[in-house]
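Written out below as structure tokens is the structure these notes cover.
There are 2 protein chains.
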Amino acid sequence: MKTDAMSHDTRERILQAATQLFAEFGYRGTTVAAVCRMASANIAAVNYYFGGKDALYVEAWRSAFLASINRHPPLGGVSPEAPAEARLRGWIRSLIERISDPDSCDFEIVHMELANPTGLLTNAMRESISPMEKMLAQIVGELLGKKKTPENIQLCMMSIQAQCLNPRVLGKRHQMLKQERPKAGPEPLSCDVEKIVDHVIEFSLAGIAAIANRKSPATPRRKGK
Amino acid sequence: MKTDAMSHDTRERILQAATQLFAEFGYRGTTVAAVCRMASANIAAVNYYFGGKDALYVEAWRSAFLASINRHPPLGGVSPEAPAEARLRGWIRSLIERISDPDSCDFEIVHMELANPTGLLTNAMRESISPMEKMLAQIVGELLGKKKTPENIQLCMMSIQAQCLNPRVLGKRHQMLKQERPKAGPEPLSCDVEKIVDHVIEFSLAGIAAIANRKSPATPRRKGK
DNA sequence: CTTCGCTTCAAATGAGCATTTCAAATGCCA
DNA sequence: TGGCATTTGAAATGCTCATTTGAAGCGAAG
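Protein chains in written order, with the numbering used here: chain H, 423 to 647; chain P, 423 to 647.
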């Protein structure tokens, strides 16, 4: 067999370059020429090793996802037997840290895929997201106690996931809108991941508790109208 | 002068078609040819009327944004003198309804612009988003009372905005991942905008209250670690 | 009727890009 | 060393797309 060192080397270099570029410019925005240039490989290499741009895209995401999940295990090391609140803390911490990790390109790619789907990652994403959502559903269900209905679980999950996912989005927005005035006074959103984690946990626990302790049987219908 | 009917008609048709297509496929994903085909105009018309694809893009977003903000006034009709809680309800309701309005294409475009920026909308977006954020900052500051620090305001704003923006994102994700199994049992996320609005309001008020009533002077640092 | 703007049209131009091709290089086994 | 499979290289192919061009169409003013 061929040497691992050289032979797999260019394949690996291409994969790495592709991950970075796809994360920054998206599928349509990156050219195989650019990937090969960054990887110091010939233009034909990506077809030789991956069969085409499409397959490279899928492979790049998959490898980025595995690397990312490897650095940040779900639940953040909290035992699955721990009480629900501790597991929620772990879940939130894990997701936010994973998203904020500058080496984790997989969420950038997912974000673009959601905004402007190529359709190439559908299967790969389904497999990877589903288990994490199941865990969260279980945790939220326990915390809701008697108020555990499918609808309440869905809504609370939405609130939590939204808070975890958006810091990166908002960060990008601020970075984008900041262009013109480089000195915009205080930092728009604190870059301190730890602070964001603590805040999301506190905010979410309070939100869930409010619903769990809700008196009225029906949801409080619009009052401001 | 020429008739308004015919002459401005094709310009208008192009703008409308462009808005729809840009919202569905993004800047890079829509071709000038497709826009003209949908608008029943000649391929040269977009350069004639707008000067190029770039300018058409900006103009399409601007018109979509104006139309959207017109249908859904900020604060949702609540008086600026109303108490903070009522204004928060109005703000949240307005944003979620605007985002969920199937005729509002502007948020689709913004979403893509955030995920995969063209850089063409930076100025236009800055002008439009800033006032709404200022309103929210003021409201949240009032609700935080003594705990009103720039950091707390930033974090709470993030939580609220995230919850408002994400229903559409999650909806898209479910729609995307659903492809394979057309009958996936119960609806993934309730399409009932009213329910989402009520939930986000309840969840957010509880979250803000928890921070406003926080005992410890410092944020509760990581405990699960 | 003719001329003059404004608008539409079909075809052409030219750039960017993914993919192919085939020749050269490189390392491996006998 | 010489054949053989794997890998790399540079140029070519063929496609899509934004933009340009120059020739009509067309209503109104002279």
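Note that the Cβ used here is the ideal one computed from N, Cα and C, for glycine as well.
Which of the three DSSP states is assigned to residue i in this structure?
| i | result |
| --- | --- |
| D614(H) | coil |
| V619(H) | helix |
| K475(H) | helix |
| I436(H) | helix |
| A467(P) | helix |
| H494(H) | coil |
| N574(P) | helix |
| S581(H) | helix |
| P589(H) | helix |
| K637(H) | coil |
| S485(H) | helix |
| E624(P) | helix |
| A456(H) | helix |
| E609(H) | In this predicted model, E609(H) has a pLDDT of only 46, less than 50, meaning its place in the structure is not dependable; the value taken from the coordinates is given anyway. Here E609(H) sits in coil by DSSP. |
| V500(H) | coil |
| A445(P) | helix |
| P604(P) | With a pLDDT of 46 at P604(P), under the threshold of 50, the modelled position of that residue is not reliable, and the figure given next carries that caveat. It is coil, neither helix nor strand. |
| A695(P) | The shown model of chain P, from 423 to 647, leaves out residue 695(P), and the question about it has no answer. |
Out of the options, which one is the CA nearest neighbour of residue i?
| i | options | result |
| --- | --- | --- |
| T571(P) | I633(P), E519(P) and Q585(P) | I633(P) |
| S462(P) | H494(P), D431(P), D620(P) and A508(P) | D431(P) |
| P505(H) | S516(H), R484(H) and G563(H) | G563(H) |
| K568(P) | A439(P), A466(P), A489(P) and N635(P) | N635(P) |
| R433(H) | V457(H), F444(H) and A445(H) | V457(H) |
| L538(H) | M598(P), S626(P) and A486(P) | Just to set this straight, residue 538(H) is Asn in the shown sequence, not Leu. Comparing Cα-Cα distances from N538(H) to each of M598(P), S626(P) and A486(P), the minimum goes to M598(P). |
| R515(H) | D620(H), I630(H) and G629(H) | D620(H) |
| E624(H) | E624(P), D528(P), A628(P) and I623(P) | A628(P) |
| A445(P) | A466(P), F487(P) and S581(P) | F487(P) |
| M557(H) | V500(H), L437(H) and L587(H) | V500(H) |
| A482(H) | L543(H), L497(H) and I465(H) | L543(H) |
| A460(H) | Y471(H), S550(H), N469(H) and T441(H) | Per the sequence shown, residue 460(H) should be read as Met rather than Ala. Closest option to M460(H), Cα to Cα, is T441(H). |
| Y479(H) | I618(H), P495(H), Q438(H) and L566(H) | Q438(H) |
| H494(H) | E519(H), D476(H) and E507(H) | E519(H) |
| Q655(P) | K600(P), E503(P) and L517(P) | In the structure as shown, chain P begins at 423 and stops at 647. Residue 655(P) is therefore absent and cannot be evaluated. |
| G512(H) | Y470(H), S626(H) and D525(H) | S626(H) |
| D525(P) | S552(P), N492(P) and R548(P) | N492(P) |
At a threshold of 8 angstroms, does residue i count as lining the ligand NAD (C-beta to nearest heavy atom)?
| i | result |
| --- | --- |
| Y449(P) | The model on display carries no ligand, and the ligand NAD is accordingly not part of it. |
Which whole runs of the beta strand (DSSP E) in the stretch 506-568 of chain H are 3 residues long or more, in chain order? none
Q: Give a yes or no on contact between the stretch 521-541 of chain P and the stretch 439-451 of chain P, applying the rule of three or more CB pairs nearer than 8 angstroms.
A: yes
Assess, as a yes-or-no matter, whether the stretch 576-588 of chain H is touched by the stretch 573-590 of chain P under the definition of 3 or more beta carbon pairs within less than 8 angstroms. yes
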